[in-house]
Each structure stands twice: as structure tokens, then as C-alpha cells.
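Engineer:
So this is what it looks like as C-alpha cells:
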């Protein structure tokens, strides 16, 4: 067991994602109570008091984001759920979309009431077909039951929702790019200020929260902030859906209560490393977070402060387990190919830098690396940090600097000997040669 | 790709009008992606005349539609094979055998990633993270995910795709 559960607290069956089952579990009761008994500002007060943090990667306090939206400013406000799950290693929001779509919808309705939003959106990545169909079916069920549309529950609260499908772009998971995409344009991030909560979608105040973050809203309003804070630890209340993959015996999505021992999660709950191998390191929260070695994770609890002290982050909850004997040079090559492919090309340091880094790592893997290449990779990473509009350039740098800091010897060996210290392996079982 | 005799997609207009109802009024521009997705679903790709029509129907600048089409990787401006195989090669999939799987696919079909078989049956693509890392390696066949794949499973799957 990975601590107490808030989201994955029901058995998944063939019908558990449907409205009838959700209602049988007490679904939409919280929305009823909120709409009939609470004022919008009461909701924001409660969510702020819960201390819930963003679950998309940046861990920004939800209440602080919401507080920027002024209810009496006379403008339309918008809410977008970010379901553009694309950070490599991350597949937790997909669990909610497929198995608890009504939890998300009820939470969004409560949030729309709190922020006085008439039109809300779920921005879902274009490749997610089954999650999209599950969510869209839930939306139609909710409309038919009167949860969306005009005069919800006979009140003057009205709300419409659109499930907006992306079309293949990692960068659109970044909030401002997500907005330009919903506006029907290419997904270019834009500079802040103004913050999106001041000027966002269609130039109006807009709150964008991750799917899991929003799903916590109905839970907080159901149990109350005080009860919610009893989950997790003081600075990280609640739970995190962790998607774990790579060289691990039991990959999948787990709900982990903040403060749970990290090593125990990996070795016991997830069955440890494939093939009985030793653990080399983990990517803790999406490939843009710095790797932690087997020694680094000893004694670490899974919460934001502890992960920071260990030298990394909770990030997006996308954990990748890497077994002893895996070639970190080749692994970084896979990552840098990804970042190069996904750079939107708007900012020069990222557009050019990703290309340079990708070509350098390819050169090293091909046996044509130069001794100065390692420092050049670090220098480009550092030069990108903070010099681009969105965080993608920074993220590629963190991944690179993190791996080089811990496994510099593998890079030096590769360049000096024109071959991998680990046989170029990415898989646990060598199988037939991956690279001739 | 403009062929003079390809069918118009204007019959989709009632569908698009229904979509509009749930959007805030006056922001037709937002329909650019959904309309393009739907047109591609119907035609298999987006033709020049589809762009002409959307520019007129949504009142958006032509450059905006062109930019959207070139920016998002899922849009196509030309037909592809009947079965689009998209193999993920990001971190978790590579760690579970995606590279060998892609080599196998490439050899079996006799095409490189990005190419279509001569009979028009298969197009092979390699893609970045599909968000299915716990069931790696994953291959998308048209819209559906096939998870925990290996060469034998793929061979069986391909045999059934005519």
C-alpha cells in the first residue's frame, strides 16, 4: 500500500466510469451542496485553505492562482483543464480521464462556480483517443442529466464545456501555448506578464489547472480543507498519482500519499527492478526532472520538500526506473532527440540549442565525440536556462545537466573509447544487439 | 495536393454548427483545429480546397490555417496508407524494446519510418511519447493504442489489417 487514497478509492469495473456508478459513489452531491449552500468565494477560501498544489509539474498553490481572478471585474472568465499529458514517462491523467471522468467534470463545475466561469474547456492531447471518447461520453451524460447547460439545479448558474483535442504538440501542454491552441492557432507560448489569470484565453482572465489538480477540488469540497490536510504532509497536502514505467516489475499508475517512503514505493509496491537487477537511478517526475541515483533515494520521502532536498522534484509524477547496466549516454540521446523534435522554434536559444545538443549527442554515440563535447552540452543547457519564453529549453537543460553530473564518467568513456561503457543498452535484457 | 475532382467537405457544416453552440459566441477561430481534425478524419488528409472553405466559413486568415497545419504533427496534407502505424520511441518505450520493434517493422514492411508501402496498405511513423509508458512499447494503429507489443504480437496484428 502506498498510503491513503483520495482519487483511486473505488474498484475499476466495466461501468465504474459511467454516471450511474459515479452517482452511486456519492458523485455530484458535493456540487449540489456547493451550488445551493455556498457562495463562490467560499469555495476558493476552502481550496486555498486545503493547501493543494498543482499536480502538472510546477506545484504552484492552487488557491494563489485562483485568487488572482476577480469575481466582480465584469469580464468573462475561463477555465481550462490541462489534459495535454505529454511529459515523457507521464500517464497519470489518462487514468482519471478513462476511469473517473465525472470526478473531473464535477470538480470543473465547482471550480466554474467559484470563479464565475460560463465556458470551460478540457484540452486533451490529440493522440488520446480512448480517453477522449470516455470523457466526451461523460460530458454528454452530464449534459443529459442537467449538470451542464442553463439553470443548473434550477439556479441561475450556467456552464458549457468543450473537450478540445490537440493535434500533436508537446509545447501545447504549456499553459499559454494551450490557450493559443484553443484560440485556433499554432501553439506558441507567450511572455508573462500579464499572467494568464489576468489576460488569458480570448484576452480574458483564465485559470488553467492540470486534470489531477482539478479532480482534487470536488474531494476537498466534499471532505473539507481540514480533513484534506490530514492527508500527506504539511507542505504537501494530499496525494499524487504516480505513473511508473521503465525497468520496473509492476509499472502502472499508483496513488501515493505525500510523505510515503520513496525507496519502499519502488522496491516493494512496484515490485522492484526488472530481472532482479540493481537500481541505477530514477527519473522522478517526467524526463525534465533531474535523475536520482539509488543512493540518492535512500531515506527520502515522496513529497515536494524532500524531493527538492534530494536534488530533484515531484514534477509531473512520471517516474522512470532505470536498471544497473543501462547506458546513460544513449538514454540522454533519446531525451535530446525528443526535445529537438518538440521545440516550437519561437525562441532562438531553444530552437538552435536543442538542435546543437541533439547533434552533439548523436556525434558522441556515433563514436565521433570530442572531449570538449561534455562541457559544451552543459554550457548550452545553462545558456538556455531562463532565456526562453516557456520552460522547455530549461527542462532539456535540467535533464542533461542532471545526467552528466551523475554519470560524467560514462560520457568520458564513450568519447575516449568510441563505444558505450554499458554496451549501448537501453533494455534490461540485452536481447539481440540494438545497435550494431 | 489539389485534385480537381475530389469531393467537397461542405456536408460537414451542420456538424460544425452544432459544435459552435458550446463555444462562447464570436470566437469561431477556435473551431479551426476541430474542423481540420474532422475533415482529415473524413478525407484522410486536408486538401487545398478544404483550406479555401475553412477560410471562408470561419472567417480566419489563410495563414492561420496554413500555420496550424504545418505546426501540429498529426495533420497531413497528402494521403497516407490505409493503416498508419505509429511506434513510440521515447524513453520508456525504448527501454522496453521499441528500437528493436521499429527495426522489425521497417524490415518486415520494407519501408523506412515516414514511408508508405507500395500497395498503399501501411505507413510507418516513429513518434515521441504517447503517454502509455506503463504498457511500453506501444504502437498506434490509426487511432487505437496497442500496448505491451513485441514482434510476434505485431506480426499477428499486421496480418489482420488488410
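Residue numbers (my numbering), protein chains in the order written: chain E, 3 to 438; chain G, 65 to 226. No residue lacks a Cβ here, since even glycine has one placed at the ideal position from N, Cα and C.
1. How about residue 30(E) and residue 108(E): are their beta carbons less than 8 Å apart?
2. Starting from the beta carbon of residue 204(E), find every residue of chain G whose beta carbon is closer than 8 Å, and list them in chain order.
3. Who are residue 249(E)'s beta bridge partners in DSSP?
4. Take residue 332(E) and list the residues in its own chain whose beta-carbon comes closer than 7 Å to its own, dropping the five residues that flank it on each side.
5. Pull up the distance between the alpha-carbon of residue 12(E) and that of residue 253(E), whole angstroms please.
6. Alpha carbon to alpha carbon, how far is residue 157(G) from residue 150(G)?
7. Fully enclosed by the segment 101-177 of chain G, which beta strand (DSSP E) runs are 3 residues long or longer?
8. By the criterion of Cβ-Cβ separation under 9 Å, what are the contact partners of residue 96(G) in chain E?
9. Is it right to say residue 154(E) is buried, meaning 16 or more other beta carbons lie within 10 angstroms of its own, or is it exposed?
10. So residue 200(G) contacts chain E; which residues on that side make the cut at Cβ distance below 7 Å?
11. Could you tell me which of 281(E), 52(E), 292(E) sits nearest to residue 430(E), measuring between CA atoms?
12. Taking residue 169(E) as the query, report the chain G residues whose CB atoms sit under 7 Å from its CB, ordered along the chain.
13. Along the chain, where does the beta strand (DSSP E) containing residue 189(G) start, and where does it finish?
14. When the cut-off is 8 Å and only beta carbons count, does residue 254(E) lie next to chain G?
15. Within the 8 Å Cβ cut-off, does residue 110(G) reach chain E?
16. Against chain G, does residue 92(E) count as a neighbour if the rule is that its beta carbon must be under 8 Å from one of theirs?
17. Kindly list the residues whose CB is nearer than 6 Å to the CB of residue 97(E), restricted to its own chain and excluding five residues on each side of it in sequence; keep chain order.
18. Between which two residues does the alpha helix (DSSP H) containing residue 2(E) stretch?
19. Please name the residue in 231(E), 76(E), 236(E), 233(E) whose C-alpha comes closest to that of residue 117(E).
20. Measuring CB to CB, does residue 211(E) end up less than 8 Å from residue 83(E)?
21. Got a sec: is the Cβ-Cβ distance from residue 171(G) to anything in chain E below 8 Å?
22. Just the Cα atoms here: how many angstroms apart are residue 437(E) and residue 407(E)?
23. Looking at the structure shown, is residue 49(E) part of a helix, part of a strand, or coil, going by DSSP?
24. Can you round the beta-carbon distance between residue 53(E) and residue 63(E) to whole angstroms, since I take them to be within the 8 Å contact cut?
Structural biologist: Let's see:
1. yes
2. 88, 91
3. None, per the DSSP bridge assignment.
4. 367, 422, 426, 428
5. CA-to-CA, the gap between residue 12(E) and residue 253(E) works out to about 20 Å.
6. Their Cα atoms are separated by approximately 12 Å.
7. Those beta strand (DSSP E) runs which fall completely within the segment 101-177 of chain G and span 3+ residues are 147-152.
8. 185, 186, 187
9. buried
10. 247
11. The candidate whose alpha carbon is nearest that of residue 430(E) is 281(E).
12. 97, 101, 136, 138, 139
13. 186-191
14. At least one chain G Cβ lies under 8 Å of residue 254(E).
15. no
16. yes
17. 255
18. Any question about residue 2(E) goes unanswered here, given that chain E covers just 3 to 438.
19. Out of 231(E), 76(E), 236(E), 233(E), 76(E) has the C-alpha closest to the C-alpha of residue 117(E).
20. With a cutoff of 8 Å on beta-carbon distance, residue 211(E) and residue 83(E) are scored as near each other.
21. no
22. Below a pLDDT of 50, predicted positions are generally treated as unreliable, and residue 437(E), at 39, falls in that range; the measurement from the model is reported next regardless. Distance between the alpha carbons of residue 437(E) and residue 407(E) is about 25 Å.
23. Per DSSP, reduced to three states, the secondary structure at residue 49(E) is helical.
24. 7 Å
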